[in-house]
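Written out below as structure tokens is the structure these notes cover.
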Amino acid sequence: MAQHVPRTEEDGIIQPEELAVLESIQRRVLWLSTAIIDHANHVRPNPDRTKVGGHQASSASVVTILTALYFHYLEAGDRVSIKPHASPAYHAVQYLLGNLDREYLTTLRAYGGLQAYPSRTKDPDPVDFSTGSVGLGAVAPAFAALAHRYCAIHFGDVTSNRFVALIGDAELDEGNVWEGVTEEALAGLGNVLWIVDLNRQSLDRIVPGVRAARLKALFDAAGWHVVEAKYGRRLQEIFARPNGHVLRQRIDDMSNAEYQALIRLDGAELRQRLIDGTTVNRQALAELIAPIDDADLPAVIADLGGHDFTELLRCFHEVDQVSDRPSVIFAYTIKGWGLPIAGDPMNHSALLTPEQMEELRVALGVPEDDPWAAFPPGSPEARLCQAAAERLRRPETTRPPAVSIEMVPAAIGVRHPAQTSSQEALGRILPRLADLEGVGERIVTVAPDVATSTHLGGWINRVGIFSPVEQPDYEADRPRILRWRETPAGRHIELGISEMNMFMAIGQLGLSHELVGQHLLPLGTVYDPFVCRGLDSLIYSLYMESKMVFAGTPSGVSLSPEGGAHQSSVTASLGIELPGLIYYEPCFAVETEWTLLEAFRQCCDRERGRSTYLRLSTKPIDQGLLDP
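Residues in the sequence shown are numbered consecutively from 1139, following our numbering.
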């Protein structure tokens, strides 16, 4: 992450004065996020008694991470994705930074109010990436970083810096996450950081067993830099004592379920269970924890790295030194941290009672007469909030798109044979667009290992394959139809066979103007039946209002020779029904030209433009049928 200059000391340790202020801000973030949900469920009028909901425990588990990120670590060019159920905590942070009006704190999940999950297009405060279900918010920043790399190499000037995703550990159950992790096109992206909120709980249960080691091994095998913030300073200090390894081994070896149960016990019972649960070094363990009072023991055993600023900032400092690969931090946390429901297996949707809210307010030092209070002007907390806001402030005006609507012609007059298909027409049109002044250099194509079978060969011969480092061409001396040249100047991005990744890639390339500061016109090609395979990423990209184009080809009856597994019987319906998407199924070559150019014009209208789906065919059509 070479573009970032850390503000910590060389070892990443924070100064004591700032640490105390961060802890105070953290307490206010915890209160505000909890109160936002409480108000939506228990205070705001709800005449028809429809369930509102919210996730107080999920927000609580990340308040330390969010505070460390926004009030110490992040810079203005950083783009951040927030785990869905931490939406209230994120809005609390934005309120303290001055990016959210106070009136919105009482509008969670109300019409026109704060969204249940962070939304780039619907929330009143700045959100870089919309998030929701199925782990898409984790992968989006990685593909946005791919857009950053492409634009930086091709155009030089970018407005983005690092791409950070704060994700829940249960999101790592989603297959699309691992499709992204193993995608070769994302290798070497040293400005990507994932922070896993490892609270060991999902919606229904405590995650069984001890999964963290397996997850870390998977990231390591995929070439990621893996860091962990496992234990806080109090536990680390005990581990450093004589026989301290005995307690560490005891905690390391216990299952998630046992750990969650132990931290909710009173001190005396916790002490006995710790000792009784091991058959080796029992006496050494008893002697090690004997000096710790019963009243203090639960907090000591629950001292995890994801709630320790010093440990988190050490990890941030470590990943700042790595610039040749993505990084992931496993931040061990407690779901419901700081709340009376902490660690409860059923706390996912649990809501604090009014009595519990009052006890929490008192414990966190929130004024009784102003529960939505920020910090008094001139206080250390207010000064740090102001300094963070100034550091993170982005330019109020953005540069205009590099390609205006008027620059894209309505037609370019490509000549076609008397008999041809719409897919073949695409293959003839694209190479002609490569040299279109002011437009061609902004077109980037993407394919999930189907570039040749979707007729991108002519385009690839014309513009080459994008690679951040030129790759040797071992076939250069042999005659060949397709010239597969991988260089930094290439304008085609080749992915592995993952339609999910393809739609995520063109979705983030289609937001490059907003996220990276450079305007691209992305076109993806995919076998039409497998539009369904990437549907989650497609819907996600449309929800973020990306401006992109994709061609599903071959499609329809032209796929009949490939058998039942390759039929695209429902994709036309998707094109018609999905919001934010224009759908064309051109019959003639000139219609393919017209609709493709109109699709690129839509990408130039950053306010009202929509994405476009071209459903193409390999069925030859007599072009003379179009003549009057």
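Every residue gets a Cβ at the ideal spot worked out from N, C-alpha and C, and that includes glycine.
Cβ neighbours of proline 1766 in the same chain (closer than 7 Å, five flanking residues each side left out): Non-local beta-carbon contacts of proline 1766 in its own chain, meaning distances under 7 Å to residues more than five positions away in sequence, are absent.
By Cβ distance, which residues of its chain are closer than 7 Å to alanine 1627, with the 5 residues on each side in sequence left out? Correct list, in chain order: Gly1602.
Enumerate in chain order the residues of its own chain whose CB-to-CB distance from valine 1607 is below 8 Å, with the five nearest sequence positions on each side excluded. Close CB contacts of valine 1607 within its chain, under the 8 Å cut and outside five residues either way in sequence, are with Pro1626 (chain order).
How big is the Cα-Cα spacing for serine 1487 and glycine 1191? C-alpha of serine 1487 to C-alpha of glycine 1191: approximately 7 Å in a straight line.
On the DSSP bridge list, what partners appear for arginine 1217? When beta bridges are read from the DSSP output, arginine 1217 appears opposite Phe1301.
Between which two residues does the beta strand (DSSP E) holding glycine 1595 run? Glycine 1595 -> not in any beta strand (DSSP E); alpha helix (DSSP H) instead, spanning 1595-1601.
Where aspartate 1446 falls: helix, strand or coil (DSSP): Assigned with DSSP and collapsed to three states, aspartate 1446 falls in coil, not helix or strand.
If you drop the 5 nearest sequence neighbours on each side, which residues of the same chain put their C-beta closer than 7 Å to that of asparagine 1639? Glu1317, Gly1318, Glu1321, Pro1586 and Leu1633.
Extent of the continuous alpha helix (DSSP H) run through aspartate 1414: 1405-1414 is the span of the alpha helix (DSSP H), which, as asked, contains aspartate 1414.
Would you tell me roughly how many angstroms separate the C-alpha atoms of aspartate 1311 and histidine 1193, rounded to the nearest one? The C-alpha of aspartate 1311 lies about 20 Å from the C-alpha of histidine 1193.
Hey, does threonine 1663 have any beta-carbon neighbour from chain D nearer than 8 Å? No chain D appears in this structure, which consists of one protein chain only.
Between arginine 1744 and glycine 1326, what straight-line distance do the alpha-carbon atoms span, to the nearest angstrom? A straight line joining the alpha-carbon of arginine 1744 with that of glycine 1326 spans about 30 Å.
Rounded to the nearest angstrom, how far is the Cβ of isoleucine 1401 from that of isoleucine 1439, given a contact under 8 Å? With a Cβ gap of about 6 Å, isoleucine 1401 and isoleucine 1439 count as contacting.
If we count the other Cβ atoms within 10 Å of its Cβ and call it buried at 16 or more, is lysine 1221 buried or exposed? Flag for lysine 1221 reads buried.
Which same chain residues end up closer than 6 Å to arginine 1566 when comparing Cβ atoms and leaving out the 5 residues on each side of it in sequence? Scanning its chain for C-beta atoms nearer than 6 Å, with the 5 sequence neighbours on each side dropped, one finds around arginine 1566 the residues Val1552, in chain order.
So which of Ile1151, Ile1175 and Gly1762 has the shortest CA-CA distance to histidine 1455? The shortest Cα separation from histidine 1455 among Ile1151, Ile1175 and Gly1762 belongs to Ile1151.
Cβ-based burial, glutamate 1528 [other Cβ within 10 Å; buried from 16]: Flag for glutamate 1528 reads exposed.
Inspect the beta-carbon positions of valine 1546 and phenylalanine 1738 and report whether they are closer than 8 Å. In contact: valine 1546 and phenylalanine 1738 (Cβ atoms closer than 8 Å).
Closer than 8 Å by C-beta to alanine 1549: which residues in its own chain qualify, once you throw out the five before and the five after it? Chain order, please. Around alanine 1549, the same chain offers Val1728, Glu1731, Trp1732 and Leu1735 as residues with beta carbons nearer than 8 Å, after the five sequence neighbours per side are excluded.
In the structure shown, what three-state DSSP assignment does threonine 1709 receive? Helix at threonine 1709.
Excluding the five sequence neighbours on either side, which residues of its own chain have a C-beta within less than 6 Å of the C-beta of tyrosine 1369, listed in chain order? Gly1443, listed in sequence order.
Closest by CA to phenylalanine 1468, which one among Asp1263, Glu1425 and Ala1367? Per the C-alpha coordinates, the member of Asp1263, Glu1425 and Ala1367 positioned closest to phenylalanine 1468 is Ala1367.
At which residues does the alpha helix (DSSP H) containing tryptophan 1316 begin and terminate? Tryptophan 1316: member of the alpha helix (DSSP H) spanning 1313-1319, first to last residue.
Do aspartate 1307 and leucine 1336 have their C-beta atoms closer together than 8 Å? Cβ distance < 8 Å, so aspartate 1307 and leucine 1336 count as in contact.
So, are the CB atoms of valine 1687 and leucine 1649 less than 8 Å apart? With respect to the 8 Å criterion, valine 1687 and leucine 1649 are not classified as neighbours on the basis of their beta carbons.
Consult DSSP for tyrosine 1255 and reduce its assignment to one of helix, strand or coil. It is coil, neither helix nor strand.
If you scan the stretch 1161-1193 from start to end, which runs of the beta strand (DSSP E) of 3 or more residues do you find wholly inside it? Runs found: none.
Could you have a look at histidine 1363 and say whether DSSP puts it in helix, strand or coil? For histidine 1363, the three-state secondary structure derived from DSSP is strand.
Enumerate, from N- to C-terminal direction, the unbroken beta strand (DSSP E) stretches of 3 or more residues contained entirely within the stretch 1551-1587. Taking only runs of at least 3 residues, the beta strand (DSSP E) segments lying wholly in the stretch 1551-1587 are 1581-1585.
Beta strand (DSSP E) containing alanine 1422: first to last residue? In the DSSP assignment, alanine 1422 falls outside any beta strand (DSSP E) and lies within the alpha helix (DSSP H) extending over 1420-1427.
N- and C-terminal bounds of the beta strand (DSSP E) containing serine 1749: Per DSSP, serine 1749 belongs to the beta strand (DSSP E) from 1749-1753.
Of the listed residues Gly1718, Leu1489, Thr1202 and Ala1399, nearest to alanine 1178 (C-alpha basis): Proximity to alanine 1178 across Gly1718, Leu1489, Thr1202 and Ala1399 peaks at Leu1489, based on C-alpha coordinates.
If you run the structure through DSSP and keep just helix, strand and coil, what is valine 1654? Coil.
Once the 5 residues before and after leucine 1423 are set aside, which same chain residues still bring their CB inside 8 Å of it? Cβ within range, chain order: Asn1381, Val1384, Leu1385, Arg1388, Leu1412, Ile1413 and Thr1416.
Classify tyrosine 1233 as buried or exposed, calling it buried when 16 or more other Cβ atoms lie within 10 Å of its own Cβ. Tyrosine 1233 is classed as buried because its beta carbon has at least 16 other beta carbons within 10 Å across all chains shown.
In this structure, what does DSSP give as the bridge partners for valine 1687? Paired residue(s): Leu1661 and Thr1750.
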